[in-house]
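Take the position in the sequence shown, starting the count at 1, then add 19; the result is the number in the working numbering.
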Amino acid sequence: MIDFYYGLGPNPDKVALFLEETGLPYAFKPVDTRRGEQFAPAFTALNPNAKLPVIVDDGTVVFDSSAILLYLAEKTGRFLSAPRGELYSWLMFVATGIGPYSGQSVHFTHYAPEKNSYAINRYQREVERHYRVLNERLTDRPYVLGETYTIVDMSVWGWARRLPFVLGTAPNWPDFPHVKRLVDDIESRPAAKAALALAGQHAFKREIDGDARTFLFPQNRPADA
Ligand SMILES: N[C@@H](CCC(=O)N[C@@H](CS)C(=O)NCC(=O)O)C(=O)O
């Protein structure tokens, strides 16, 4: 049995999707990051980086969504593609490009205490640039690696379904039709619906109020606080 430590956000969603697609049995372990539960010593003993998702598979601890997707794909032999070069490249394109730039775009567009137009522009334009690359890639193939749905598509889905929010254009979708098609394709799968339903299985705090901000953005505390 896999213990699945889950919190609200794109990275846990990717792993939830994999678990639901494969039907691997798992125990749902909610961690409410807006209440600071990611800093509990029992959790940081699993992930010293204090972020979700984490799995514990029969004593093996894996943290970071991309590592977990690779671990589970290799364990089950599912949702991989050969040769591996393309899979590693595109998985890291999401992990090191789409993910971090989207996270910073969300932060500066929605949550930063002051509107910093340089930062907003920098991160929104970099998010768009990554999605132009991805959209181009998807013009002549249904999935990122070709005909086969893989962990790369799951990783894209976690972030791409939030793209209107990430860019501050919600509810309108920006003009990336092939990315939108991929999101809609995955969203129509029963596993995606089940993955998204996990957010309702625990009374997670929804508001990002002052308390939640101190947990989510601890670097904003004054240095002498
Ligand atoms: N690179 C990590 C990022 C993990 C991450 O940032 N998780 C968010 C949820 S999507 C989180 O735990 N945020 C709470 C916090 O930053 O305190 C991954 O892909 O798993």
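Glycine residues also receive a C-beta, built at the ideal position from the N, C-alpha and C atoms.
Can you name, in chain order, every residue of its own chain whose Cβ lies under 7 Å from the Cβ of residue i, other than the five neighbours on each side?
{"i": "residue 66", "result": "73 and 82"}
{"i": "residue 70", "result": "57"}
{"i": "residue 105", "result": "164"}
{"i": "residue 123", "result": "142"}
{"i": "residue 221", "result": "49"}
Report the CB separation of residue i from residue j in whole angstroms; it is logged as a contact under 8 Å.
{"i": "residue 150", "j": "residue 198", "result": "6 Å"}
{"i": "residue 227", "j": "residue 53", "result": "7 Å"}
{"i": "residue 27", "j": "residue 218", "result": "6 Å"}
{"i": "residue 98", "j": "residue 166", "result": "Contact doesn't hold; Cβ gap of about 13 Å is too wide."}
Are residue i and residue j closer than 7 Å when you measure CB to CB?
{"i": "residue 88", "j": "residue 37", "result": "yes"}
{"i": "residue 164", "j": "residue 171", "result": "yes"}
{"i": "residue 202", "j": "residue 125", "result": "no"}
{"i": "residue 154", "j": "residue 195", "result": "yes"}
{"i": "residue 29", "j": "residue 232", "result": "no"}
{"i": "residue 100", "j": "residue 169", "result": "yes"}
{"i": "residue 223", "j": "residue 51", "result": "yes"}
In the structure shown, what three-state DSSP assignment does residue i receive?
{"i": "residue 46", "result": "strand"}
{"i": "residue 118", "result": "helix"}
{"i": "residue 167", "result": "coil"}
{"i": "residue 195", "result": "coil"}
{"i": "residue 21", "result": "strand"}
{"i": "residue 188", "result": "coil"}
{"i": "residue 82", "result": "strand"}
{"i": "residue 74", "result": "strand"}
Can you find the residues in the same chain that come closer than 8 Å, C-beta to C-beta, to residue i, ignoring five residues on each side of it along the sequence?
{"i": "residue 48", "result": "22, 23, 24 and 25"}
{"i": "residue 46", "result": "20, 21, 22 and 23"}
{"i": "residue 135", "result": "127"}
task = Please confirm if the region 111-122 is in contact with the region 187-206, defined as three or more CB-CB distances below 8 Å between the two stretches.
result = no
At least 3 beta-carbon pairs within less than 8 Å: the region 33-49 vs the region 211-222 = yes
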